[in-house]
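The opening position of the sequence shown corresponds to residue 9 in this note's numbering, with each subsequent residue numbered one higher.
Read the structure below first, then the notes.
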Amino acid sequence: GKLEENNNMQLLNRIEIQALDPEKCYKYLGMQQLLNITAMKAQEAVTATFKKRLRLIMKTQLTASLARLYLPRKVGGRGLLNLADLYRRQEAGLQDYFLNKELPIHKAAVRADKGYTPLFLSKENHPIESRTVQSRLDEWSTKTLHRRFYAALHNENIDVEVSTAWLQEGSLFPETEGFALAIQDQIVATNNYRKYIINENVPDKCRFCGTTNERIQHITNGCPVLSYTEYLQRHNNVAKIIHQQLGKDRGLLAEETPYFKYQPARMLQKDDVKVNWDEPIVTDRTVAHNRPDILVMDWKNKWADIIDIAVPNDENVSRAWSEKVQKYQDLAIDLKHVYRLDKVRVMPIIISVNGLVLKVIHESL
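This is the structure in structure tokens:
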């Protein structure tokens, strides 16, 4: 074939594709390999890119909890396998195999191994230790930042199994899951973290409100600028999931809609069951708090459930529960009297910003 030079190519939308000079080659690696052009340059480009990425990885600060990586998901870890643990487990298995065999060849191997292998078979009382779940839990509980979520998760009022159910389900992308755990471990690059942990020369005030230190607790549930936008949307999303499930369970909704597309009706009603969404409840006397997130009434069976949602910080979960119960007691008494009901329950749904769930939530389900 003969190499010919042409002018730039003009497309229908008047955009021109620049002609390739004879001494140059297409910049993408696949074309260079396909045409067997500048193989050395292609190799150098790959090597340079690899080294650049490797340097970035080496500069990464390992601030996440390593113990959580290898803990089972049911206790709050990510459930990854640790190669060192697998290696030691194989060693321990081989050691037990040789020491418990009675054949002459195995006994000879035990006498001969005087430190030539990691098993050290001839030495008495030479256990091969591997990390246990408890040892990693202990490590997690001693870290300056990481231990705060550990302490909150293992509070006597918290249901660990329910609080870690999202980890066991494994429905999130790995990147999303890792970011959620970083928030729990309080190692997100807030201004407070950058200034006092990484020692960067940055202001520690919140970038939204500018009034207080930008800590992770402030960002997740304490910034006044975010209260009527992000916090309200988070609250409503939780309420939408519950409202839709109530409608499905009672035959008021035929099909399920993704929560972010679901628009709750102000009132769902079928036969003797009614579900209200964010509606003021009229009673005989004035009640200070008469607008719960959801109200379920069953006239046939003479009961009602007052449901209200809150997403507080981890340390405020129990207090939020008590406040919700106390807040709607007057409304519960009036509902029971006005509608002649046998039972009215106040059912707070409290889930912390980090997903902690109280044991008493089972009473509301």
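From the three backbone atoms N, C-alpha and C, an ideal C-beta is built for every residue, glycine too.
CB contact check: residue i to chain D, cutoff 8 Å
i: Pro80; result: Given the protein chain composition of this structure (a single chain), no chain D is represented.
Integer-rounded CB distance, given that residue j should sit under 8 Å from residue i
i: Val141; j: Leu79; result: 6 Å
i: Leu153; j: Ile195; result: 6 Å
i: Gln192; j: Asn362; result: 5 Å
i: Lys428; j: Tyr270; result: Because residue 428 is not part of the residues shown, which for the chain are 9 to 373, the question remains open.
i: Ala75; j: Trp148; result: 4 Å
i: Phe106; j: Leu129; result: 5 Å
i: Lys213; j: Asn229; result: Not really, about 18 Å apart at Cβ, beyond 8 Å.
i: Lys122; j: Ser73; result: Lys122 to Ser73, Cβ: 40 Å. No contact.
Three-state secondary structure assigned by DSSP to residue i
i: Trp311; result: strand
i: Lys7; result: This structure gives no information on residue 7, because the portion of the chain shown stretches from 9 to 373.
i: Asp146; result: helix
i: Gln277; result: strand
i: Asp29; result: coil
i: Val210; result: coil
i: Ser179; result: coil
i: Leu303; result: strand
i: Glu3; result: Missing from the structure shown is residue 3; the chain here goes from 9 to 373 and no further.
i: Asn321; result: coil
i: Ile250; result: helix
i: Asn133; result: coil
i: Ile227; result: helix
i: Gln18; result: strand
Exposure of residue i, with buried meaning 16 or more beta-carbon neighbours within 10 Å
i: His345; result: exposed
i: His226; result: buried
i: Gln241; result: exposed
i: Arg215; result: exposed
i: Glu222; result: buried
i: Tyr201; result: buried
i: Phe187; result: exposed
i: Leu180; result: exposed
8 Å Cβ cutoff met for residue i and residue j
i: Pro320; j: Ile358; result: yes
i: Val354; j: Gln337; result: yes
i: Asn284; j: Tyr267; result: no
i: Ala340; j: Ile314; result: yes
i: Arg81; j: Thr172; result: yes
i: Ser143; j: Ala100; result: no
i: Arg274; j: Glu287; result: yes
i: Trp311; j: Lys351; result: yes
Chain-order list of residues whose beta-carbon lies under 7 Å from that of residue i (same chain, five-residue window excluded)
i: Gly259; result: Lys278
i: Leu102; result: Leu127
i: Asp280; result: Asp306, Trp307 and Lys308
i: Leu161; result: Gly84, Val168, Ser171 and Leu364
i: Val325; result: Ile358, Ser360, Leu364 and Leu366
i: Leu234; result: Phe216
i: Cys231; result: Cys214, Phe216 and Cys217
i: Arg119; result: Ser130
Cβ-based neighbour list, residue i, same chain, cut-off 6 Å, excluding 5 preceding and 5 following
i: Leu189; result: none
i: Leu77; result: Arg86 and Leu88
i: Glu331; result: none
i: Leu261; result: Gly255
i: Lys335; result: His297
i: Glu177; result: none
Same chain only: Cβ atoms within 8 Å of residue i, ignoring 5 sequence neighbours per side
i: Leu37; result: Low confidence applies to Leu37: its pLDDT is 47, below 50, so where it sits in the model is not reliable enough to give any reading.
i: Ala27; result: Glu13, Asn14, Asn15, Asn16 and Met17
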